[in-house]
Amino acid sequence: MNFLSLIETKRDGAALAPHQIRQWVSACSGGGIPDYQLAALLMAIYFRGMTEAETRELTLAMRDSGDVLQFPPDPRPLVDKHSTGGVGDKVSLVLTPLLACLGFRVPMISGRGLGITGGTLDKLGSIPGFNIDLTAEEIRSIVQKVGCVICGQTGRMVPADKTLYALRDATGTVGSIPLITASILSKKLAENISALLLDVKFGGAAFMPTKEEARELARAMVALGRECGVNTRALLTRMDAPLGRAAGNWLEVKEAVACLEGRGPEDLHTLAVECAAHLLMQSNKAKNLDHGRGQAALCFASGQPREKFDDMLAAQGADMKEFNKRLALDRTAPVAMEYRASGEGFIVGCNARVVGEIVRDLGGGRLTKTTIINMHLGVDELVKPGETVAVGSVLGRVHAVDEAQAAAACERLRTAFEFSNARPELPPLVESVVQ
Numbered sequence: 003m004n005f006l007s008l009i010e011t012k013r014d015g016a017a018l019a020p021h022q023i024r025q026w027v028s029a030c031s032g033g034g035i036p037d038y039q040l041a042a043l044l045m046a047i048y049f050r051g052m053t054e055a056e057t058r059e060l061t062l063a064m065r066d067s068g069d070v071l072q073f074p075p076d077p078r079p080l081v082d083k084h085s086t087g088g089v090g091d092k093v094s095l096v097l098t099p100l101l102a103c104l105g106f107r108v109p110m111i112s113g114r115g116l117g118i119t120g121g122t123l124d125k126l127g128s129i130p131g132f133n134i135d136l137t138a139e140e141i142r143s144i145v146q147k148v149g150c151v152i153c154g155q156t157g158r159m160v161p162a163d164k165t166l167y168a169l170r171d172a173t174g175t176v177g178s179i180p181l182i183t184a185s186i187l188s189k190k191l192a193e194n195i196s197a198l199l200l201d202v203k204f205g206g207a208a209f210m211p212t213k214e215e216a217r218e219l220a221r222a223m224v225a226l227g228r229e230c231g232v233n234t235r236a237l238l239t240r241m242d243a244p245l246g247r248a249a250g251n252w253l254e255v256k257e258a259v260a261c262l263e264g265r266g267p268e269d270l271h272t273l274a275v276e277c278a279a280h281l282l283m284q285s286n287k288a289k290n291l292d293h294g295r296g297q298a299a300l301c302f303a304s305g306q307p308r309e310k311f312d313d314m315l316a317a318q319g320a321d322m323k324e325f326n327k328r329l330a331l332d333r334t335a336p337v338a339m340e341y342r343a344s345g346e347g348f349i350v351g352c353n354a355r356v357v358g359e360i361v362r363d364l365g366g367g368r369l370t371k372t373t374i375i376n377m378h379l380g381v382d383e384l385v386k387p388g389e390t391v392a393v394g395s396v397l398g399r400v401h402a403v404d405e406a407q408a409a410a411a412c413e414r415l416r417t418a419f420e421f422s423n424a425r426p427e428l429p430p431l432v433e434s435v436v437q
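Residues in the sequence shown are numbered from 3 upward in steps of one, following my numbering.
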């Protein structure tokens with residue numbers, strides 16, 4: 003294959019033929035193309051785009067580049083949820099055990115961090131002993147026994163995406179709608195699920211900055227998902243402020259556990275319930291959204307999802323004694339420094355992009371595909387928009403490797419907050435639904 007001709011074709015704005023796309027994906031899987039040429043094609047796609055036919059062909063070629071999961075007959079529907087990424091987004095950690103307790107099977111294939119957002123696998127990687135690298139048989143066994151699993155794709159599952167996913171992060175091509183669509187849906191189609199809910203975020207810390215761009219992406223993924231036989235819908239959700247009060251891998255795990263125990267932030271709990279309600283409707287297990295919300299809320303209150311979370315961790319090799327020991331600690335980073343308010347008033351905004359950049363630069367995020375993350379660094383105890391603060395109130399707490407790093411991060415955190423003397427009118431977290 004003359005890969006240079008593919009780069010030139012897309013550089014000039016023409017469409018790639020199906021056989022060219024299949025050859026490209028096959029080369030990604032086999033490692034026969036150098037990173038610099040793959041990066042050049044990704045950049046050409048970022049600027050020139052892809053047609054619907056190209057995107058569909060890329061998605062199916064990526065799915066077909068490896069194995070598709072197979073599950074035995076079971077009355078519990080196979081479903082999943084995917085978020086396009088945001089700062090503090092730990093919904094998957096809360097939603098997955100909740101769905102398992104609501105009578106679903108959830109074979110969640112997740113990814114690592116992209117840009118300023120933390121990946122679900124990075125968060126779970128902070129749990130001692132937790133194994134994200136499972137075989138297809140292990141995934142099938144845990145899903146059938148526990149009801150849910152969260153892991154990376156196996157070595158034989160969508161192998162092309164592993165190469166492209168890492169390169170997108172390192173080449174500034176994360177925001178391409180065709181590449182996002184193909185990456186997400188190829189993995190979801192390989193899970194063999196019947197229903198998929200997409201959380202498509204927009205705002206200052208989202209891949210899609212504007213509502214219009216987010217809606218375009220949502221429509222593309224919903225249409226392609228349905229065309230491929232999966233009942234797909236999308237929520238458009240705001241990502242201007244961090245979700246919850248914590249950003250950083252271990253800190254987000256702690257907050258997810260708190261949410262499962264009924265002690266978590268309201269926005270995280272609300273979004274998890276909303277996601278569950280939609281999947282209940284998509285699977286004909288709820289008459290309407292209110293019915294679904296009620297089922298999810300009752301399930302939360304029962305405490306069963308917290309137990310299911312532990313069941314999943316144990317099934318995937320987590321050291322539960324060490325995990326619970328760490329949960330009891332106030333901090334696991336060498337230093338924790340509070341940033342306090344010098345004035346009073348209402349919090350109008352907490353800039354999620356600034357918070358995400360702080361976490362990344364502390365060492366809690368990924369600058370390149372080879373960056374080694376310190377799982378214990380980040381920010382927690384963040385105040386939320388709409389809350390009131392007084393002089394001396396804690397606005398956030400930085401977890402760092404030393405005092406100097408913590409002090410510098412606190413100074414940057416100061417720029418994340420916007421204050422007002424008047425109570426702000428806050429828009430709903432979920433802006434709309436695409437189905």
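Think of the CB as a built atom: it goes at the ideal place given N, C-alpha and C, for glycine as much as any other residue. Source: prediction; values computed, not measured.
The DSSP-derived three-state label of G366 is helix. Taking D76 as the centre and dropping the five residues before and after it, the same chain places the C-beta of R107 and Q146 closer than 8 angstroms to its C-beta, in chain order. Shortest Cα-Cα distance from D69 to any of K190, D269 and T372 involves K190. Between the alpha carbons of G365 and L237 lies a gap of roughly 31 angstroms.
Taking a cut-off of 8 angstroms for Cβ pairs, the stretch 333-347 and the stretch 309-322 do not touch, as fewer than three such pairs fall below it. Residue environment analysis places T417 among the exposed positions, since fewer than 16 neighbouring C-beta atoms fall within 10 angstroms of its C-beta.
Counting only runs of at least 3 residues, the stretch 145-222 fully encloses the following beta strand (DSSP E) elements, listed from N- to C-terminal order: 150-153 and 197-204.
Counting C-beta atoms within 10 angstroms of its own C-beta, A55 has fewer than 16 neighbours from the protein chains shown and is therefore classed as exposed.
By the CB criterion at 9 angstroms, A63 and R13 fall outside the cutoff.
Taking S434 as the centre and dropping the five residues before and after it, the same chain places the C-beta of L238 closer than 6 angstroms to its C-beta, in chain order.
Across the structure, L100 and K164 are spaced so that their CA atoms are roughly 28 angstroms apart.
Around the C-beta of K256, 16 or more other C-beta atoms lie within 10 Å, and the residue is accordingly described as buried.
Remark: C-beta atoms of R158 and F204 do not approach each other more closely than 9 angstroms.
Residue pairing of H84 in beta bridges, as defined by DSSP: L200. By the Cβ rule, the stretch 128-146 counts as touching the stretch 320-328, because three or more pairs are nearer than 8 angstroms. In this structure, P336 is the residue among A207, P336, L397 and L384 with its C-alpha nearest to the C-alpha of E405. The beta carbon of T53 sits closer than 6 angstroms to the beta carbons of A17 from its chain, once the five residues preceding and following it are set aside; these are given in chain order. Spatial neighbours of N233 in its own chain (CB-CB distance under 6 angstroms, excluding positions within 5 residues in sequence) are listed in chain order as A197 and Q284.
Within the same chain, F204, A216 and L219 come within 6 angstroms of M210 by CB-CB distance, once the 5 residues on both sides are set aside. When beta bridges are read from the DSSP output, E340 appears opposite R399. Beta-bridge partners of E420 (DSSP): G351. DSSP, read as helix, strand or coil, puts S285 in coil.
In the DSSP secondary-structure assignment, N233 is bridged to A197.
Assigned with DSSP and collapsed to three states, D404 falls in coil, not helix or strand. With 16 or more neighbouring CB atoms inside 10 Å of its own CB, M377 falls in the buried class. By the Cβ test, the stretch 83-103 is in contact with the stretch 263-281, since at least three Cβ pairs between them sit closer than 8 angstroms.
The continuous alpha helix (DSSP H) containing P20 extends over residues P20 to G32.
Around the beta-carbon of G231, fewer than 16 other beta-carbon atoms lie within 10 Å, marking it exposed. In the three-state reduction of the DSSP assignment, A42 falls in the helix class.
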